[in-house]
Amino acid sequence: MLRTHTCGELTKANDGQEVTLCGWVDRIRDHGGGVFVDLRDRYGKTQIVVGAESDAAMLELAGKLRNEFVILAKGTVRNRPAGQENPKMVTGAIEVVVIELQVLNESKTPPFTPGQHELPNEDTRLKHRYIDLRRQAMQDTLVLRSRIIKGMRDYFDAHDFIDVETPILGRSTPEGARDYLVPSRVHNGTFYALPQSPQIYKQIMMIAGYDRYIQVARCFRDEDLRADRQPEFTQLDLEMSFVDSDDIIGMIDGLMQKLAKDILGLDLPLPLPRLTYDEAMTRFGHDAPDLRFGVEIVDLTDLAKTVEFRVFKSVADAGNHVRAINAPGGAAVFTRRKIDELTKFVQENFGAKGLAWFRIEEDGSLFSPIAKNFTQEQLDEIRSRTDGKPGDLIMIIADTWDTSCKALYALRKKVGLALELYDPKEMHFSWIVQFPMFDYDEEGNRWNAMHHPFTAPLDEDLEKLQSAPGDVRAKAYDLVINGYEAGGGTIRIHDSAIQSRAFELLGLDAQSAKERFGFLLDALQFGAPPHGGIALGIDRIVMLFGGLENIRDCIAFPKTQKAADMMTEAPNRVDVEQLEELAIRIIESDDEA
RNA sequence: GGCGCAGUAGCUCAAUUGGUUAGAGUCCCGGACUGUCGAUCCGGAGGUUGCGGGUUCGAGUCCCGUCUGCGUCGCCA
C-alpha cells in the first residue's frame, strides 16, 4: 500500500505520528506562503498543510495542485493550533504537515466537483458518473446497498438457504413484460431472452430438492422507466419447499426486523401488519398504499342514490361508485386554483369525469359550488361520514370502481405530501395478501393471471375455479414499504389438475402450455414438493432505507428514461460483420410515423 | 405512444412587454497574501442561448418541428 492511513481516521491520538495519505484534492486554500489542501478518499477528508516548514520547491508544487488531482502526502500528524480546529470535520482536530508531496496523477478540469454545493443536472452526472460517484452521498448509498445485501445474505445463510446462480441467457416465454433478446450465433435466427426473473429456475431447484434457495439476481424487463423502475434491476430471489404463505411472510418479517435494526436502528414489532387486497383497494384505492398516514377512502354510494345531484345519483344508480377522502386541514392549502389543478390532473391522468369538493367552514357548514343540490341532512351526513372538521377539504370522485381507486389513490398521495401528514424519515412495513388470482381483460375477452400462471389459489377458494374465477383469491403476498411495492411472491401450484384448470382459464390449451412451459410442466410431474417464494426489490429497498427519491441514485451505473447509459453510450450500433455472423439485417425506418 | 417540466459560459442560474454590446456566482488562466476550512483581494479569458425552420425592422424570449434529460399516465404476468 502506498498509504499508511485513510483520510477519515486520524485523530488527536495520532499526534506526532508520521503517516502517508493518498487521495483526491477536494479543495485548496492557497495563502501563498502556506497552502491548505483537503485531501479526500472514500473514508473522509483530512487537511494537509504545506507551510513554513516546507521548502520553496514543495510550496511551488502545492501551488500547482488543482481539483481532483490524485496525490500522495507523507507528513506528520499534528494537533491544530488552538482555535483552528474544524468541528465539522471528523478529522478536524488534526492536520498533516507535509514532508513529501507527490502528484500521482493530474486531472483535467472536471465538469463538476464532488464537493460543490449545487448538484449538476442529472445528464451531466450520468455522463461523468466517475465524478458523481465520488460524491459523499453516492458513496454512502453504495455502502448502504452493500450492507443491506450482506445483511440479507447473512440472514439467509443463518437459516440454511443456499445461494444458486441461474442462467442469464434463457428461454423467451412471452408473457408479461417484454423480453430483452440476445441473438444466437450458433443457431442463426433464434434468440435467448434475458431473465425477467429466475422464476422457473428456482421452482425447478425446489423440485430438485434444494429446499431453501436464494439468489441476488439481476433481472431485465424491456418496459418504460419510472423514478422507481429500471430496465435492469436486482432482486433478492427466494424459494422454499414445504411451506405455505405464512412461512414465507414470517421469514421475510424476520429479515425486515433485522435490517431495520442493523441499518436504521429501528425496532420493528412482528408480525408486520397485513391487509387483504380487497381491504387495501376499499380503504386506499391501491394495492401498495402508503400507510404512514390515514386519509382513508369513504364510500358514499348509498347516500348518492338518495340525492338530487344528478352527477352523483346517475353514477350510483348505474352501479358505479361515489367515494371520498377528507384532507385534514386541507382547505387552507388547496385553494380554488389548486383544486382546479387537481381536477385537471384526475381528468387527464385517469379519465375521471370530475372532482367534487366540500370545504368545511369555521361554523361547520359545508361550502361547495354543488352544495345547493343537497339537503342539510345530506350535507351533515357527508361531513359526519368523512369525519369532517372545520378547515378540512372533502374530495369526491363519482366514477367506475377502477377510476375512483386510481384517482383517489393519487389524490391521497398528494394530500399526504402537501399537508405533511407523515414524517419523511418514518418507515412503515406491511403486507398486502390474498390478491385476486385473475383479472379480466375486457379487450381480449379472457382472464389474465394477476401474478403468474403458476400461482396457487387459496384452499377455500378452490371450487370457485369452476364457478366464479373472478372471485378466486391467490396465495400471493406483497411487501409494501412507505407506499412502494418492495417485494412480491406466491405459493406455487404443485398439483397438475389445478394447474391445468388455471391454464384453461387463461386460454392456454394443453398444446400451447406445453410449448411455452413444457420443461416446467414435465418437472412438476416428477415429485414436486409444495413450494413458494418471493422476490424483494433490492434497489427499491436501498432507496427506501436511504430515504432517497429515485432508484438511479441507488445504482452505480443506471440507465436513463430511454434505457440508455449516458457514460458508455449503450445501446450502440455494431459492425456489419457482427450482424452477418448472427444473420441479422437492420431495417432502417425513414418515416417518422 | 399521451401529458407536463427543463435545456443560455465547463458547472449553477439571471436576462422586464420581443429591443440595442446576453449578465452573475463558481470553475479556469495570471497576480497578491502563512492559519484557511464555501479563504480573501486584484486582473483576464470564457457563449452556434440543444438543433432545424418560420413570423418580425428586430427572437434567448413568439410559432412549428426535432433531439436530450426528468416526472407521470399507458405499460411493468
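Going by this note's numbering, the residue at position 355 of the first sequence is 348; the numbering climbs one at a time, nothing skipped.
Each residue gets a CB set at the ideal place from its N, CA and C atoms; glycine is no exception.
Using the rule of at least 16 other Cβ atoms within 10 Å of the residue's Cβ for burial, across every protein chain shown, is H524 buried or exposed? buried
Are M388 and A317 closer than 8 Å when you measure CB to CB? yes
Per DSSP, C212 is paired with what? F226
Would you mind reading off the limits of the beta strand (DSSP E) that contains Y185? 184 to 186
Nearest CA to the CA of K418: which residue from A49, G540, V291, A449? Nearest to K418 by alpha-carbon distance, out of A49, G540, V291, A449, is G540.
Assuming V308 is part of the alpha helix (DSSP H), what are its boundary residues? 303 to 310
Are N72 and D125 close, meaning C-beta to C-beta below 8 Å? No, the pair does not count as a contact, with Cβ atoms beyond the cut-off.
F235 versus P522 - alpha carbon distance: 6 Å
Is the beta carbon of E11 less than 8 Å from the beta carbon of V42? no
Would you mind reading off the limits of the alpha helix (DSSP H) that contains Q95? Not the alpha helix (DSSP H): Q95 falls in the beta strand (DSSP E), residues 87 to 98.
Select from G312, I242, M430 the residue whose C-alpha is nearest the C-alpha of S423. For S423, the closest alpha carbon among the candidates G312, I242, M430 is that of I242.
Which residues mark the beginning and the end of the alpha helix (DSSP H) in which M145 is found? 129 to 151
Stretch pair the region 378 to 393 + the region 344 to 362: three plus CB contacts closer than 8 Å: yes
Evaluate S377 with the Cβ neighbour count: other Cβ atoms within 10 Å of its Cβ, from every protein chain shown; 16 or more gives buried, anything less gives exposed. exposed
Give me, in chain order, the residues of the same chain whose beta-carbon lies closer than 6 Å to that of T294; leave out the 5 immediate sequence neighbours on both sides. So the list reads A309, H314, V315, once near-sequence residues are dropped.
For a test of the three-state rule: what should DSSP assign to N60, helix, strand or coil? coil
What are the start and end residues of each continuous alpha helix (DSSP H) run of 4 or more residues lying completely inside the region 348 to 404, in chain order? Taking only runs of at least 4 residues, the alpha helix (DSSP H) segments lying wholly in the region 348 to 404 are 369 to 378.
I'd like to know if the region 335 to 343 and the region 402 to 416 are in contact, where contact means that at least 3 CB-CB pairs between them fall below 8 Å. yes
Enclosing beta strand (DSSP E) for D431 [first to last residue]: Inspection of the sequence shows that residue 431 is occupied by Phe rather than by Asp. Start and end: 431 to 434.
Quick check: what's the CA-CA separation for V304 versus L296? 13 Å
In chain order, what are the residue ranges of uninterrupted alpha helix (DSSP H) at least 4 long that sit wholly in the region 449 to 487? 457 to 460, all fully within the region 449 to 487.
Could you check whether K468 and I598 sit closer than 8 Å to each other, using their CB atoms as the reference points? This structure does not reach residue 598, given that the chain is present from -6 up to 586, and the question cannot be answered.
Assuming N438 contacts F431 under a Cβ cut-off of 8 Å, what Cβ separation, rounded to an integer in Å, is found between them? Going by Cβ atoms, the distance from N438 to F431 rounds to 13 Å, so no, they are not a contact pair.
Is there contact between the region 460 to 476 and the region 508 to 517, where contact requires at least three CB pairs shorter than 8 Å? A contact is defined here as three or more CB-CB pairs under 8 Å, and the region 460 to 476 fails this definition with respect to the region 508 to 517.
Could you tell me if F519 is buried or exposed, where buried requires 16 or more neighbouring beta carbons within 10 angstroms of its beta carbon? exposed
Report yes if the CB atom of L14 is closer than 8 Å to the CB atom of A66, and no otherwise. yes
From this set, G463, T275, T69, D255, which residue's C-alpha is nearest T(-3)'s C-alpha? T69
Residue from E570, R566, Q571 whose Cα sits closest to the Cα of E581: R566
If you draw a straight line from the C-alpha of T368 to the C-alpha of K298, how long is it? 13 Å
Could you name the residues of the same chain whose beta carbon sits closer than 7 Å to that of V175, not counting the 5 residues immediately before and after it, in chain order? L162, F184, Y185, L187
Measure the Cβ-Cβ separation of M244 and D204 and say whether it is below 8 Å. no
Does DSSP classify N342 as helix, strand or coil? helix
I need the DSSP call for V12, collapsed to helix, strand or coil. strand
Assuming I527 contacts G482 under a Cβ cut-off of 8 Å, what Cβ separation, rounded to an integer in Å, is found between them? 3 Å
Stretch-stretch touch, CB-based, cutoff 8 Å, three pairs: the region 446 to 455 with the region 495 to 504: Contact check between the region 446 to 455 and the region 495 to 504: three or more CB pairs, one atom from each, fall below 8 Å, which counts as touching.
Between L591 and M420, which are expected to be in contact by the criterion C-beta below 8 Å, what is the C-beta distance as a whole number of angstroms? A query on residue 591 cannot be resolved here, the shown segment of the chain reaching from -6 to 586 and no further.
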